[in-house]
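Everything on this sheet refers to the single structure shown next.
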Amino acid sequence: MKLRKIVLFASAMLLSTSAFAWPWSTDMMNQPSIKPQEGAPALFAKRSIPIQGIPTKVANREEAKSLQNPIPVSAASIKKGRYLFKVYCAACHGLTGRADSPISPKLGAIDLTTEYVQDSLSEGWIYGTITFGSVIMPAYGKPAEGGGSNDLSVPERWHVVNYIRNQLVKDAAGSATASAE
Ligand code: HEC
């Protein structure tokens, strides 16, 4: 009998058209949060998501091997590449690229002025190495695990490639002459 009453009451509630208008039915919705489509979309802070950091065309270094460098070699590109090289690569590969930083030998960071890097590796492979990292070398083209922002945008990575292949050896020779004088 008791159960029947409950069932009756419950179905009365469900069938009632006013059930959808009960005040508590919207309690959870009315929060101070911003609802979907509410107001103008907020702009993300600069580089807060790596929209340029994730490669769209290649999934790994092997696939990057035959990529064509889309950024022509220019004084401006080399300048950007040199700056980025000093910030991102010099710690391990040395300011001259000759693996002459104090930690180069500890990590086994290679000399980037050799024939191997200057002639044998394709530009796409160097780009892929920067993007995905290597054996020990970290990746610069995808967000670090657990956050972090060591991401270089696609153009930035090509600027570094331009610098390595067109100016690094000359800069290294210049610094050798400078220190010998
Ligand atoms: C944390 C240290 C570290 C940093 C920073 C680093 N590298 Fe490396 N890199 C290495 C080590 C160690 C190797 C050799 C072992 C390996 O392949 O991981 C290497 C190898 C390479 C190679 C050769 C890959 C191959 O196929 O043999 C290239 C090219 C290279 N690095 C370029 C760069 C550039 C460009 C940057 C900056 C964007 C950079 N590296 C930053 C440590 C580093």
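If you read the sequence shown in my numbering, its first letter stands for residue 179, the second for the next number, and so on.
Don't be surprised by glycine CBs; every beta carbon is placed ideally from N, CA and C.
| Item | Value |
| --- | --- |
| Taking only runs that begin and end inside the region 233-262, name each unbroken beta strand (DSSP E) of 3 or more residues, in chain order. | none |
| For D329 and Y318, which I take to be in contact (beta-carbon distance under 8 Å), what is that distance rounded to the nearest angstrom? | 6 Å |
| For the alpha helix (DSSP H) containing L285, name the first residue and the last one. | S282 to L285 |
| Where P233 and L262 are concerned, what is the direct C-alpha to C-alpha distance, given to the nearest angstrom? | Below a pLDDT of 50, predicted positions are generally treated as unreliable, and P233, at 47, falls in that range; the measurement from the model is reported next regardless. Each residue's Cα considered, the two are about 19 Å apart. |
| Can you tell which of G302, L285 and E293 has its C-alpha closest to the C-alpha of V313? | L285 |
| Can you tell me whether Q345 is buried or exposed? The criterion is at least 16 other CB atoms within 10 Å of its CB, across all chains shown. | buried |
| Specify whether the region 302-309 and the region 234-247 touch according to this definition: at least 3 beta carbon pairs, one from each stretch, less than 8 Å apart. | yes |
| Give me the residue from K183, V338 and A350 with the minimum Cα distance to Y266. | V338 |
| Return the CA-CA distance between S203 and F222, expressed in angstroms with no decimal places. | 33 Å |
| Examine chain C for any beta-carbon lying closer than 8 Å to the beta-carbon of K224, and answer yes or no. | The structure shown contains no chain C, having only a single protein chain. |
| From what residue to what residue does the alpha helix (DSSP H) around V338 run? | V332 to N344 |
| Would you decide whether R276 is buried or exposed? Buried here means 16 or more other CB atoms lie within 10 Å of its CB. | buried |
| Excluding five sequence neighbours on each side, which residues of the same chain lie with their C-beta closer than 8 Å to the C-beta of A269? | S279 and I281 |
| Is it true that the CB of I256 sits closer than 8 Å to the CB of W336? | no |
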